[in-house]
Amino acid sequence: MSGAQVALFIAFVVVATLAQGLTGFAFVLVLLGLAGLFQLAPVTDLANVATTLAVLGAAAMLRTSLRHVDRTAYREAVAGSAPGVLAGVLLLQWLSANVMTVLGVLLGVTIFACAITMLRPGNVLPVRSSGIWFGGFGLLSGVLGGLFSAGGPPLVYHFYRQPMAMEALRATLVAALTTMSVMRIVVVLATGQFSLLALKMILLAAPAVLGTSWLLRRYPPRWRRETVLRIVCVLLLATGVSIAASALLGR
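The numbering of the sequence shown is my numbering, which starts it at 1006 and goes up by one.
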């Protein structure tokens, strides 16, 4: 990466961290979308970078919220996500080696669909869903997580429809997604897909993530979460369309 690309990447990391801090999610999608749009690195490396940074960011939160985790919902979601993560990583490996155009289009469509899902949350259900539904959404999240480290939206959508206490809901969701990310890292390392470039990008980005997170905690902005959410989703919609179009046009 050139000096200009490094500066652009760090700027995108800061934007993604701000989006995460203000909305509670979207770090991976924003970073993948912006860095993928400007082709700062291969999609496989960007997914590995986003996964690792997401785990680092979630670790601090889990230290104080583990006691609120709904263990049944956590087990059901993680059990479903495990085979999905493996399938997603293997599919990413095959696509990156054989069909780069399809990979680019799929990334763009995934980002676009995730943004639509976040803009249109479902109503809270009167009765908690069965374990099969938790496992099914976990499987879908696992596939997207294995492919692009973007497994959050399906589980976010499903969890926020459950009649659960908000504290338990958020803690369980973070725990499940963090476990999914750790599984992805293990699979990537085991299959030899973690490159030196990804490691360098993580080392470059870590101070930006930690510094921006500290500033948000020290000086929390007074922006409305709903306004920030709409801005982030519009950004993701535009980014998803641009990535898919660029892939189809061979740029």
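A virtual CB, placed ideally from N, CA and C, is assigned to each residue, including glycine.
Complete runs of the alpha helix (DSSP H) confined to the segment 1081-1116 [at least 4 residues]: The segment 1081-1116 contains no whole alpha helix (DSSP H) run of 4 or more residues.
Buried or exposed by the 16-neighbour rule on C-beta atoms within 10 Å, applied to residue 1081: When all chains shown are included, residue 1081 counts as buried.
Proximity winner among 1020, 1093, 1227, relative to residue 1186 (alpha-carbon distances): The shortest Cα separation from residue 1186 among 1020, 1093, 1227 belongs to 1093.
Opening and closing residue of the alpha helix (DSSP H) in which residue 1155 lies: Per DSSP, residue 1155 belongs to no alpha helix (DSSP H) and is neither H nor E.
Range of the contiguous alpha helix (DSSP H) that encloses residue 1178: DSSP places residue 1178 in the uninterrupted alpha helix (DSSP H) bounded by 1171-1195.
Local conformation of residue 1006 per DSSP, three classes: Taken through DSSP and simplified to helix, strand or coil, residue 1006 comes out as coil.
Backbone CA spacing between residue 1132 and residue 1201 [nearest angstrom]: Roughly 48 Å between the two C-alpha positions.
Residue nearest to residue 1077 in terms of C-alpha spacing, selected from 1116, 1120, 1137, 1242: Checking every option, the nearest Cα to that of residue 1077 belongs to 1137.
DSSP three-state assignment for residue 1226, whether helix, strand or coil: If DSSP states are grouped into helix, strand and coil, residue 1226 belongs with coil.
Neighbour-count burial assignment, residue 1232, 16 or more Cβ in a 10 Å radius: Classification of residue 1232: exposed, given that the 10 Å Cβ count is below 16.
Straight-line Cα distance separating residue 1161 from residue 1178: C-alpha of residue 1178 to C-alpha of residue 1161: approximately 7 Å in a straight line.
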